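Quick note on numbering: the sequence shown equals residues 2 to 256 in the numbering used here. C-beta: ideal position from N, C-alpha, C; glycine also. All values derive from a computational prediction rather than experimental measurement. Report on the following structure.
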Amino acid sequence: MAVPGSGEAYSDWLAWVLQELNKVGADLLKLLGISTGPVVDAREVSIAREYFIPQGRLDLLIRFGKQALLIIEVKVTSADTADIAKQKGYCEWFDEQVRLHHLCRLPPVLLAIDASEADYEGFVPLLWEDFCVGVRRLLPRIQDQVGIVNAAMIVAFVGAVEQNLLHLVPPGSKGIGQSLFYARTADHIKRYLKPRATPHRPTLYSLKAEDHIRKPSLLSASFGGWSKPAAEVSCRATLRNWPMLCRWSLPGYIS
Numbered sequence: 002m003a004v005p006g007s008g009e010a011y012s013d014w015l016a017w018v019l020q021e022l023n024k025v026g027a028d029l030l031k032l033l034g035i036s037t038g039p040v041v042d043a044r045e046v047s048i049a050r051e052y053f054i055p056q057g058r059l060d061l062l063i064r065f066g067k068q069a070l071l072i073i074e075v076k077v078t079s080a081d082t083a084d085i086a087k088q089k090g091y092c093e094w095f096d097e098q099v100r101l102h103h104l105c106r107l108p109p110v111l112l113a114i115d116a117s118e119a120d121y122e123g124f125v126p127l128l129w130e131d132f133c134v135g136v137r138r139l140l141p142r143i144q145d146q147v148g149i150v151n152a153a154m155i156v157a158f159v160g161a162v163e164q165n166l167l168h169l170v171p172p173g174s175k176g177i178g179q180s181l182f183y184a185r186t187a188d189h190i191k192r193y194l195k196p197r198a199t200p201h202r203p204t205l206y207s208l209k210a211e212d213h214i215r216k217p218s219l220l221s222a223s224f225g226g227w228s229k230p231a232a233e234v235s236c237r238a239t240l241r242n243w244p245m246l247c248r249w250s251l252p253g254y255i256s
C-alpha cells in the first residue's frame, strides 16, 4: 500500500485521474505536455501502475492501442534533486519496445515540481504546476461527463498537489513568507482563468482572478445547473470552491 504523501500515493491518484479523463475523451497527450502523437480511440488507451520491466519498475505506462507507448515517472521533488539513476535503463527498454513493435515514440515524461534542464536521462520534464492548470481548464467542459463525485475527487487531487507540493496558499494564511506564496497563488489562478468559455453558460472563466481571490462565494456559479441529490451535497460544496486551494487532502492517502 502506498504511504500517504509519498510519490507512490501521487502516482496512484494520477493514474486514476488520467483514466477518468480518458473516459470522456480528454487529450491526454496535450495534458502531459506532448504536442504531437497518434490519434487513438480512447477505448484503446490503457494505463498501468508499477509496471515491472528488467530495468526496474515504471510508475506509469500508458499504451495508446497498438500505436504508441508512454512512460511517466512521478517525483514529488525537483527534477534536479530527484533520483533518476534508473531512467537511462528505462529509456533503453522503451526504445527496444518501440523498435520491436513498430510504435510511435513518445518522449518519456518526468513529472516534477520544477526543473532547470530540458532532458533528464532521456525524460522530458513536465511541471506539476502545468499539469494542475491543464486539469483545471478541462473541468468545466467534462464535469457533466465524469459525474459530480468523480469531478470532486479530481479537484481534491489537484488541490492536494497545489497545497502540498507547490505550497500555494489561500488568502488569509499567516506566517513568514506567506505573502510571497500568496502572490504565486494569484499567478496560478490567473493562468487557468486565461481561456475564455462560451458565453451561453456562466463559468469560473467569466470571472476575474481578483473575484476568486476576494469573493470565493462567486464560484458557486461555476457549476450551475446540476441536480442536487442529498448524497452529492458534500461533493457539490467542494466543487463550488475548486479554483481555490482545497484545504482538505485526499482522506487517508495524500497528506
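For the candidate residues Pro108, Ser12, Ala27, whose alpha-carbon lies nearest to that of Leu59? Ranking Pro108, Ser12, Ala27 by CA distance to the CA of Leu59 puts Ser12 first.
Exposed or buried, which one is His102 when buried takes at least 16 other CB atoms within 10 Å? Under the 10 Å beta carbon count, His102 is surrounded by fewer than 16 other beta carbons and is classified as exposed.
Count the CB pairs spanning the stretch 9 to 24 and the stretch 44 to 63 that are closer than 8 Å, and state whether there are at least three. Segments in contact, yes.
Which same chain residues, not among the five before or five after Lys87, have their C-beta less than 6 Å away from its C-beta? Here Lys87 has Gly57 as same chain residues with Cβ atoms under 6 Å from its own Cβ, once five neighbours each way along the sequence are excluded.
For a test of the three-state rule: what should DSSP assign to Val77, helix, strand or coil? Coil.
Can you tell me whether DSSP reads Glu51 as helix, strand or coil? The three-state reading of DSSP puts Glu51 in strand, counting E and B together.
Same chain, Cβ closer than 6 Å to Glu122, neighbours up to 5 away in sequence not counted: Same-chain partners within the cutoff: Ile85, Gln88, Lys89.
Would you mind stating whether Ala113 and Lys76 have Cβ atoms separated by less than 8 Å? The answer is yes: Cβ separation under 8 Å.
Identify which residue in Arg138, Asp81, Ala16, Thr82 has its Cα closest to the Cα of Leu71. Out of Arg138, Asp81, Ala16, Thr82, Ala16 has the C-alpha closest to the C-alpha of Leu71.
Which residue wins for smallest C-alpha separation from Gly8, given the options Leu32, Lys24, Leu61? Ranking Leu32, Lys24, Leu61 by Cα distance to Gly8 puts Leu61 first.
How would you write the range of the beta strand (DSSP E) that Leu104 sits in, first residue to last? Where Leu104 is concerned, there is no enclosing beta strand (DSSP E), given that its DSSP letter is neither H nor E.
Find the nearest neighbour of Phe65 within the set Val99, Phe158, Trp94, judged by alpha-carbon distance. Here the closest residue by C-alpha is Val99.
Nearest CA to the CA of Leu111: which residue from Glu74, Arg142, Phe158, Glu130? Selected option, being the one with the closest Cα: Glu74.
Assuming Ile63 is part of the beta strand (DSSP E), what are its boundary residues? Looking at the DSSP string, the run of the beta strand (DSSP E) that includes Ile63 is 57 to 65.
Taking a contact to mean a Cβ-Cβ separation below 8 Å, would you say Leu104 touches Gln68 in this structure? For Leu104 and Gln68, yes; Cβs fall inside 8 Å.
Output needed for Ile35: all residues of its chain with C-beta closer than 7 Å, excluding positions within five of it in sequence on either side, in chain order. Cβ neighbours of Ile35 within its own chain (closer than 7 Å, five residues either side excluded): Leu107, Pro108.
Please say whether Thr186 and Val162 have beta carbons closer to each other than 8 Å? No; because the gap between Cβ atoms is not below 8 Å, this pair is not in contact.
Going by Cα to Cα distance, which pick from Asn165, Ala10, Asp42, Gly38 is closest to Lys24? The alpha carbon of Lys24 has as its nearest neighbour, out of Asn165, Ala10, Asp42, Gly38, the alpha carbon of Asp42.
Our contact map puts Trp14 next to Phe158 with C-beta atoms below 8 Å; I'd like the distance itself, whole angstroms only. Going by Cβ atoms, the distance from Trp14 to Phe158 rounds to 5 Å, so yes, they are a contact pair.
Per DSSP, which residues does Val125 bridge with? Please list them. In the DSSP assignment, the residues bridged to Val125 are Val110.
Proximity test, Cβ basis, 8 Å: Glu21 and chain B: Here chain B cannot be found, since the structure has a single protein chain.
So, with DSSP's three-state summary, where would you put Asp115? Secondary structure at Asp115: coil, using DSSP grouped into helix, strand and coil.
Name the two residues that bound the continuous alpha helix (DSSP H) containing Ser12. Following the DSSP letters along the chain, one finds Ser12 inside the alpha helix (DSSP H) bounded by residues 8 to 24.
To the nearest angstrom, report how far apart Lys191 and Gln146 are at their CA atoms. Each residue's Cα considered, the two are about 25 Å apart.
How long is the line joining the alpha carbons of Asp120 and Leu140, rounded to whole angstroms? CA-to-CA, the gap between Asp120 and Leu140 works out to about 30 Å.
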